[in-house]
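Chains as they are written, first to last, in UniProt numbering: chain B, 1 to 378; chain A, 1 to 378; chain H, 1 to 378; chain Z, 1 to 378. Yeah, the Cβ is synthetic: ideal placement off N, Cα and C, and Gly gets one too. This report concerns only the one structure given below.
There are 4 protein chains.
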Amino acid sequence: MNYKLVREQTLKFCNHLHIEDYAIQVVQFASPPKWHLAHTTWFFETFILKAYVHNYTEFNSHFNFLFNSYYNNAGDRVLQSNRGNMSRPSTDEILEYRTYVDAKMHELLLDVSDKKLIELVMLGLNHEQQHQELLVTDVKYMFGHNPIFPVFNTEYNLVKDHNLNTESVKIQAGVYEVGYQGTEFCYDNELGVHKVYINDFEIQNQLVTNGEYIEFIASGAYSDFNLWLDEGWTWVNTHKINAPMYWHKMDDEWHYYTLSGLQKVDKNAILSHINYYEAQAFAEWKGMRLPTEFEWEVASKALNWGTRWEWTNSAYLPYPNFQKENGALGEYNGKFMSNKMVLRGASVATSPNHSRDTYRNFFNPTERWQFTGIRLAK
Amino acid sequence: MNYKLVREQTLKFCNHLHIEDYAIQVVQFASPPKWHLAHTTWFFETFILKAYVHNYTEFNSHFNFLFNSYYNNAGDRVLQSNRGNMSRPSTDEILEYRTYVDAKMHELLLDVSDKKLIELVMLGLNHEQQHQELLVTDVKYMFGHNPIFPVFNTEYNLVKDHNLNTESVKIQAGVYEVGYQGTEFCYDNELGVHKVYINDFEIQNQLVTNGEYIEFIASGAYSDFNLWLDEGWTWVNTHKINAPMYWHKMDDEWHYYTLSGLQKVDKNAILSHINYYEAQAFAEWKGMRLPTEFEWEVASKALNWGTRWEWTNSAYLPYPNFQKENGALGEYNGKFMSNKMVLRGASVATSPNHSRDTYRNFFNPTERWQFTGIRLAK
Amino acid sequence: MNYKLVREQTLKFCNHLHIEDYAIQVVQFASPPKWHLAHTTWFFETFILKAYVHNYTEFNSHFNFLFNSYYNNAGDRVLQSNRGNMSRPSTDEILEYRTYVDAKMHELLLDVSDKKLIELVMLGLNHEQQHQELLVTDVKYMFGHNPIFPVFNTEYNLVKDHNLNTESVKIQAGVYEVGYQGTEFCYDNELGVHKVYINDFEIQNQLVTNGEYIEFIASGAYSDFNLWLDEGWTWVNTHKINAPMYWHKMDDEWHYYTLSGLQKVDKNAILSHINYYEAQAFAEWKGMRLPTEFEWEVASKALNWGTRWEWTNSAYLPYPNFQKENGALGEYNGKFMSNKMVLRGASVATSPNHSRDTYRNFFNPTERWQFTGIRLAK
Amino acid sequence: MNYKLVREQTLKFCNHLHIEDYAIQVVQFASPPKWHLAHTTWFFETFILKAYVHNYTEFNSHFNFLFNSYYNNAGDRVLQSNRGNMSRPSTDEILEYRTYVDAKMHELLLDVSDKKLIELVMLGLNHEQQHQELLVTDVKYMFGHNPIFPVFNTEYNLVKDHNLNTESVKIQAGVYEVGYQGTEFCYDNELGVHKVYINDFEIQNQLVTNGEYIEFIASGAYSDFNLWLDEGWTWVNTHKINAPMYWHKMDDEWHYYTLSGLQKVDKNAILSHINYYEAQAFAEWKGMRLPTEFEWEVASKALNWGTRWEWTNSAYLPYPNFQKENGALGEYNGKFMSNKMVLRGASVATSPNHSRDTYRNFFNPTERWQFTGIRLAK
């Protein structure tokens, strides 16, 4: 993975933004673009430059407080919900921060004989890629909740892929090995190859489409409590949900906000922006179920994946022999292992080469702003 | 299981209550004793008498609305948080309701050739036993949060059992079968015997004591974020938690409320009233972990269990081939399968013969008012 | 005012309650009957017996904590919202507390030469009378929010008085004196007789009826924002209000809960249970306004008053030269002088001889559970 | 009042902002600068151009929804708390909007024979001036709550004025006339000249200084409940308040954020940024009180005023004969007449010639972000 290319990729997406767009936070979980640009840079400065560069001078002593996300070991920080309250430092100052840190990193990377350093750089770049995806989804959230539905870029739609040749894949019962076995980078939560017993099951090689989901809506599913988990039913009623995020019924026809503007829903395109409760209810309605993360992993070679993060029916919990690193980086994944569900695959917003078939993404079951989809099993 | 004996058991516990105690609801999740007495009766009336007794006359037409707990299929109901707002119907009227329904049930049970009916009665009695346990824990919550700490019964302490001979049990890796295989009553969530692969592990045959937990507290564990899951750490800080529920430090010594009044904490007695986050943090502090529900089940024959509900590191999710019943009774267990953790075993408040080694209890990871405990594994 | 008679009056009302009714708190502002019985007794114990009886032995050392309402000077106390969480001390124990304190008071009152003591006793009895009224309104709130609408007493309706001979009273502009000028008991907030200038105005000698208010509702008033104050409009929409408290439309006809049960609304009876925002909107709809508290006081001789607390258009603020007493009793009235509106008159639930034409009652503009009414002026 | 000059004044203040500053909303009551620029323009477009210009073409049909503040009569609108969620329309587009509307207004104002039109323009300009003050206070709020305390402009401090020659002014009891009697512009809430009776009183000709307030703090006032109104005491404890807004104790010395940056508190400068509860508690501590709005008005000729909005002890209520205009402009002042206190005078942030001695400003008693001060009376 090339440091320069990955870092440039982040800025490339931002080219379409206006300056005001960089500063806004619409909801707690979606950070301002300016914050993503600074936080990813802070990650390199904090965990690499401060540790490896002798007498390193930090760019700005306030930035540790401003741009730490959730690392308790790295000190106090701005509340997540207050990230959008800070018009300053300005976008320009943050771009200078990136330039400063990149220059120092380039120097440091001239000599990469230190194996631990290489590991940290790989982690930093994978971390940057995760924020590249969040940049996309957070900007979509901001624009999709603006009453005038701004166009981000007319050529950047992200939800127009279609499915072809849906088929059912059969897997035989038995003991399988799961977990990352390669030699490249992976996250700590994928490690610890271990055996699992899996029963016979069938899984579809394609994802659910908008057209299928429109049938689900039309059947009255959002008011049929028997389809929903208890917490899902509470969520539907509390928020008066009746469709995926970004969908609006106008003149009796479903439309959705895309990054290229408001459009009619394409029935053949792959469904997106549903949460775990909706995925589970849809499967219930079909008389099927969601696959577990292990079923998914075992079947993955035969699946057509990569356009949506796919909700599994597995809670996000540690693998046997899960090892938490010491210090701040130990907070990367492990501490979130409660009340989250695993998503497998990757989405159209995921950076190229970022994911793999052992990758364990995770979100609260209520969240919909990622490009999430449904794969059925039975 | 004997209908009369189980029903009488419920009233027996109530003998120590004053009339005012029957009506109070201190917190949403703990219902008034009066409500438990009525709701368990409503269960028999609704699912058995109305279905099996020709021309059955209901005791009071308001009671379906008042005493339905969470069955959407059974119609509208009083909000859970409002159960304690109703001083009427009075306790006397509810005792009449029990007498009325019991009389009808006795008549019906003279002829029990109908297999489905027997199943429903068994379900009703197991349901009654679950509420017997809730009666105990809800009354403890009410008294334990009263500033004058009323004594329920001087001979009814429930938290004084000690541990002896703690040993480590070793289990070999392999494929095991889990799930209920017997021919007696069990819940739907235990059905579907299936294979699981389990790695080598060790598990303690005894539960953690108050003394061990006092060391954990004394080490500063409640202010060391590295021990806690992210949501656990938020919970600790939001509620300023520094000890198990019912514990109070007085004159530099730990005391706890028991149903026989406020007492010094017995260091050799088994720890109770901690939640999943505390259990997980304690295990982390010990350099160990909680067992999964399958490890627990496989090892159960060698374990000393039955005094505390034991937090496992398994999320409450459906077994392969889980079948949800149609109608209201399908809401009994299945719809709660999100954001809950499985507890195995049984507690001192569990009714005799109610639990078994395949029993899957489940609660939110924040809850502490049940008699919960910690068993360590590695 | 006779100590014994006033104290007995409190118990007389309670005769119609069941034991469970004594313990329940449905909403923060409405205390359980048991609490009223104890708190009024605590008032005599704390401010009189402890101060005047040498070596007085308090009945129970916990009761200061349990039954202090809002007197910071009298120490810590149970949160107002938790008054209904305490099933113990039992009603019986509180009745013993009353008997104990009454016996001590009777002894003390054999010699009443101390002027300050007499003043305190008078304050204690007036305080008891205020709680007699709250007992009525709090019990009505509890029963009126119980889905089965229990009958308190078939002969105790309280909202059936009619109006006769509505006329307009004209008052001439000029300087008038307001404030209490008598020699009997009054509250500190009525003292400080002072001059006010009042313009010409007209005021109705009678209160608005249910029939008039039904016309207001039927005109669509609850959805016409132009009639409402901004905060009133927010209140209407947040709580989806469309009628006075206790009103229910059944089979297209307005009913209301009364202490003698659910009844059809009597159109000729005097309106009750509206808040300041509703009173103000009704006046706006009529092209009139509410009187100020001084207009009310100046006109009072010519008015027919005493069945409802009448919302005025005056904020509850100190009179010129208002003197706050030192210590706990200085907290009786003065500290509530913000964000409250003055109500004048008295209601059917007010104890006999408790009110007078200079009496300043006060509530938040949102509150409706008192027997409140509307008098129009222009 | 000159249309061009007033409109230019708004932009002049904004010259010191960065583009990101225009878009941010930190708290519900403080709107983004961009919104103020647009909303004041919308006011002219909606109430003047659409009414007076034949075939007027609105600049953008979305803007009525986006930039209506609280006028129910003018249609639906963005929630106040969501004003900061909209990065678009951009600042540039809003500046174009201002240019467009100003051009149309200039054309229209070539012929100003229509008296109603002149009145509306005067209202629009006074409205613009009110938002000029809000721009200052909202920007101060945004920067003062940014952890890096940005400097707005080193020469723009606003809180450095000192007091000289504090003296007591005595006013004799009698009937006085209050309300606006001039022929220039005033708000509807000042109209209706009427008599009031005022008792003898004394009032200070100068405002309280920071030094005096530091003594109040040092005396322990923020923890002495006897000084506070009940709601004030709740506010202090809920928000853990121990000093005016923008004050920070650093190295044992009080500092405050000013628009020219963080500075040591100047003890001789006039106190600012306290709310009604703090003003009232300070007066109580001094053994004095706040003046009523009528005392203030009657004494105003002898007072040194204009640097702070001065909290009075008068609730914001209608004058006798208050007339509400029909339609949207009737919502300007009247509907806010509940739970607000009147402030008299003007502040250093008030636009020149905007205020007068009959001007009735009003805010919730909790609010502190305006330049508010304390004047004592007795």
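Against chain Z, the CB of residue 261 of chain B has no partner CB under 8 Å away; the residue lies outside that interface. Residue nearest to residue 105 of chain A within the set A:182, A:146, A:41, A:61 is A:41 (criterion: CA-CA distance). Of all residues in the segment 224 to 243 of chain A, only 225, 226, 228, 229, 230, 231, 232, 233 place a beta-carbon less than 9 Å from a beta-carbon of chain B. A Cβ of chain A is located within less than 8 Å of the beta carbon of residue 320 of chain B.
A Cβ-Cβ distance of about 32 Å is found for the pair residue 232 of chain B and residue 180 of chain B, leaving them out of contact under the 8 Å criterion.
Pairwise C-beta distances place the segment 311 to 321 of chain Z in contact with the segment 336 to 351 of chain Z, as three or more of them are shorter than 8 Å.
Assignment of residue 246 of chain H by DSSP, reduced to helix, strand and coil, places it in the coil class. If the five residues before and after residue 257 of chain Z are omitted, its C-beta is found closer than 6 Å to the C-beta atoms of 144, 149, 246, all from its own chain and listed in chain order. Under the three-pair Cβ rule at 8 Å, the segment 9 to 25 of chain Z does not count as touching the segment 263 to 280 of chain H.
Neighbours of residue 91 of chain H in chain A, taken as residues whose beta carbon is under 9 Å from its own, are 18, 19, 20 in chain order. Distance from the CA atom of residue 248 of chain B to the CA atom of residue 238 of chain B, rounded to whole angstroms, is 18 Å. In the DSSP assignment, residue 263 of chain Z forms a beta bridge with Z:256. Spanning the alpha carbons of residue 173 of chain H and residue 177 of chain Z requires a straight line of approximately 14 Å. Rounded to the nearest whole angstrom, the C-alpha separation of residue 356 of chain A and residue 346 of chain A is 8 Å. Within the segment 129 to 141 of chain A, not one residue has a Cβ closer than 7 Å to any Cβ of chain B. With contacts defined as CB atoms closer than 8 Å, residue 286 of chain Z and residue 211 of chain Z fail to qualify as a contacting pair.
The Cβ atoms of residue 377 of chain A and residue 289 of chain A sit closer than 8 Å to each other. The DSSP-derived three-state label of residue 361 of chain B is strand. Considering only Z:139, Z:363, Z:184, Z:280, the residue with the shortest C-alpha distance to residue 317 of chain Z is Z:363.
Contact note: residue 88 of chain A reaches chain H through 18, 20, 21, 143, 146, 148, 150, using a C-beta cutoff of 8 Å and chain order. As DSSP reads the structure, residue 341 of chain A sits in a beta bridge with A:315, A:363. If you check the CB distance, residue 282 of chain H and residue 374 of chain H come in under 8 Å.
CA-CA distance, residue 81 of chain Z to residue 80 of chain B, rounds to 18 Å.
Look at residue 338 of chain B: its C-beta is under 8 Å from a C-beta on chain A.
Between residue 120 of chain A and residue 185 of chain A, the gap from beta carbon to beta carbon reaches 8 Å or more. Judged by DSSP secondary structure, residue 141 of chain A falls within the alpha helix (DSSP H) whose first and last residues are 115 to 144. DSSP, reduced to helix, strand and coil, places residue 170 of chain A within a strand of the structure shown.
The bridge partners DSSP lists for residue 194 of chain Z are Z:178. Contact note: residue 62 of chain B reaches chain Z through 147, 148, using a C-beta cutoff of 8 Å and chain order. When beta bridges are read from the DSSP output, residue 201 of chain H appears opposite H:171.
Fully enclosed alpha helix (DSSP H) runs of no fewer than 4 residues occupy 33 to 44 of the segment 4 to 58 of chain Z, in order along the chain. When Z:112, Z:372, Z:365 are compared, the shortest CA-CA separation from residue 235 of chain Z is found for Z:365. In the DSSP assignment, residue 373 of chain H is bridged to H:310.
Proximity of the segment 330 to 339 of chain H to the segment 293 to 308 of chain H falls short of the contact definition, fewer than three beta-carbon pairs being nearer than 8 Å. Put simply, the segment 162 to 171 of chain H does not touch the segment 134 to 144 of chain H. Fewer than three CB pairs are less than 8 Å apart.
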